[in-house]
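Report on one structure; see the data block that follows.
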Amino acid sequence: MKALWFSVLPCLFLLLACLALAEEGLEFPSFDGKDRVIDINDRNYKKALKRYDMLCLLYHEPLSSNKELQKQYQMTELVLELAAQVLEDKDIGFGMVDSQDDSKVAKKLGLEEEGSVYIFKNERVIEFDGELSADTLVEFLLDLRAFDRMEEETRLIGYFKGEDSEYFRAFQEAAEHFQPYIKFFGTFDKGVAKELTLKMNEVDFYEPFMDEPVTIPGKPHSEEDIVEFVTAHRRPTLRKLRAEDMFETWEDDMEGIHIVAFAEEEDPDGFEFLEILKEVARDNTNNPDLSIVWIDPDDFPLLTTYWEKTFKVDLFKPQIGVVNVTDCMAEHAGR
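Residues 1 to 335 in the numbering used here are what the sequence shown spells out, letter by letter.
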């Protein structure tokens, strides 16, 4: 089946080897008049950074006495207010930083270019280079938020000249071999590529829970190059068992066994245990003999009792052990 694609980030495309419904454009309400954009200053900027999962700041020049410039400023402020209204329940905040009155804050935050929008997420700063309109900004922020929440998924991202590029087509064809289990993203946009530190025709491979991607060597790549690399690296050091691909994960064992870790992410002990697992995985990502399957019991409430009886463990606290896949599958099949 020929791969189809739809927009995920502005100029970043997700390649699918299955039919996809076209996403409808964002519908924006009229501005309700409520002030949501924060006037960022030296007293409140730390609180704002802690309050939101993502903080979007416009670094602007001082308000001019020129009426045309004042009108332009008001229109820009309205764009931010409308975006803040639409994203009010998404844990995304908006603020404005005056380059003159708040120069100390700007220096602390690393704001340099007047008229630019800076997005603060965790310890990263991303400069928004797109059109400063409410729909474009909202779309970018939502997709950036969604993309960053794909930590537990294997994915590839490539930068290409355009849709007609032979290397993009090779990338597209390679995606068909791994759908729907591995996601392939492509961008034609220089600004997006810069944020992702991608060079032309370069492809990065993201393993679940890893801090940094691995760049596939030897660009530009043919379909066969990409398929060969992904096939050799597709088994993650740490992966989460998910309902949509649990059988594929379970069958991808290491000579009949799995190292299985049970931990509830929402539980403090489970979260701490999971963070340790991530560190172990990152320190051993080049070890082909290490593969850990993380299971969050909250995701499989109907299987919890079965797992406790089969593995003889108490899933109210984190557990880790070696599982014989054949014995477990045989016992499960006999039930």
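Even for Gly, the Cβ is constructed at its ideal location relative to N, Cα and C.
Looking at C-alpha atoms only, which residue of S99, Y118, M210 is the closest neighbour of R149?
-> M210
Spatially closest choice to A170 from L49, I226, D283, L238, by CA coordinates | I226
Enumerate in chain order the residues of its own chain whose CB-to-CB distance from R336 is below 7 Å, with the five nearest sequence positions on each side excluded.
-> Residue 336 lies beyond the range of the chain shown here (1 to 335); nothing can be said about it.
Pair within 7 Å by beta-carbon distance, G158 and V203 | yes
Collapsed DSSP secondary structure at Y73 in the structure displayed = helix
Please report how far the alpha carbon of T136 lies from the alpha carbon of Y52, in whole angstroms.
-> 20 Å
Determine the DSSP secondary structure at E272, reduced to helix, strand or coil.
-> helix
Which partner residues does A106 have in the DSSP bridge list?
-> Paired residues: none, contrary to the question.
What's the call for R239, buried or exposed, on a 16-neighbour Cβ count within 10 Å?
-> buried
So is T305 buried or exposed if we call it buried at 16+ other beta carbons inside 10 Å?
-> exposed
Using 10 angstroms around the beta-carbon of A243, count the other beta-carbons present and answer buried if the total reaches 16, otherwise exposed.
-> exposed
Under 8 Å Cβ to Cβ from V322, same chain only, skipping five residues before and after it: list those, please.
-> I257, H258, I259, V260
Sub-7 Å separation of L274 and A281 beta-carbons | no
Could you say if the segment 49 to 69 and the segment 80 to 94 meet the contact criterion of at least three C-beta pairs nearer than 8 Å?
-> yes
Would you mind sorting L82 into buried or exposed? The rule is 16 or more other CB atoms within 10 Å of its CB.
-> buried
In terms of residue numbering, what span does the alpha helix (DSSP H) encompassing A232 cover?
-> 223 to 233
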